[in-house]
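Under my numbering, read the sequence shown as residues 26 to 216, first letter to last. Glycine included, every Cβ here is placed at the ideal spot set by N, Cα and C. Down below is the structure, laid out as structure tokens.
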Amino acid sequence: MANRSLFKERVKPGREGLPLLMVSIHSGVSDDEVSDEENIRGRVKIEDKSKYNRVQPSDIVFNMMRAWQGAIGAVRVEGMVSPAYIIASPIGAINSKFYEYQYRTPIFIQQMDRFSKGITDFRKRLYWDEYKQLLTLLPPLDEQEAIVTHIESESSKIDKAITLQQQQIDKLKEYRATLINSVVTGKIKVV
Numbered sequence: 026m027a028n029r030s031l032f033k034e035r036v037k038p039g040r041e042g043l044p045l046l047m048v049s050i051h052s053g054v055s056d057d058e059v060s061d062e063e064n065i066r067g068r069v070k071i072e073d074k075s076k077y078n079r080v081q082p083s084d085i086v087f088n089m090m091r092a093w094q095g096a097i098g099a100v101r102v103e104g105m106v107s108p109a110y111i112i113a114s115p116i117g118a119i120n121s122k123f124y125e126y127q128y129r130t131p132i133f134i135q136q137m138d139r140f141s142k143g144i145t146d147f148r149k150r151l152y153w154d155e156y157k158q159l160l161t162l163l164p165p166l167d168e169q170e171a172i173v174t175h176i177e178s179e180s181s182k183i184d185k186a187i188t189l190q191q192q193q194i195d196k197l198k199e200y201r202a203t204l205i206n207s208v209v210t211g212k213i214k215v216v
């Protein structure tokens, strides 16, 4: 199904008191205010909040200059985003997290890449008119929710395993440093 049947573009001015969110190629849409350290690209924040666009939970937001690299995600909190981002507001009931997962798959990123306009990779942009032509899967809502639950459950297990492995690596590095120190200072004799 084409995205035009699932989403409509929304441009709604921002307002004071809402956090400024960003879209990352690694983690989708942030849940809280962009810190000054993270805001290195947009060094100057616009004081007039109406220049930003307001987003609502369930919206899909993408950075039109980096969508083809995976800079797309589901909004979980009300906030504001840069005017360089496109906001796709769902027309009907959907699980926007399902669409974030779908849109961040290699096959969908390739589709966004094909529809992006520009003379070089560095200059490619995915505009609304091209985004709405993209073909998207539309399983029933209960299936979307089951898929999201499964992905998050498996991701949680993988994250725990990664954390455990990182802790073991850190302990081995600490042991290595202690061993080197002991040999260098003569506490352990090498034969």
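Checking the DSSP bridge columns, you'll see G98 partnered with V86. Apart from the 5 residues on each side of it in sequence, D57 sits with its Cβ closer than 6 Å to the Cβ of P44 in its chain, given in chain order. Taking 8 Å as the upper bound for CB-CB distance, I85 and Y110 are not in contact here, some 10 Å apart. S83 is not a Cβ neighbour of P38, given a cutoff of 8 Å. Here L45 is bridged, per DSSP, to M105.
Of R29, A27, I112 and E34, the smallest CA-CA separation from M47 is found for I112. Less than 8 Å divides the Cβ of K33 from the Cβ of S114.
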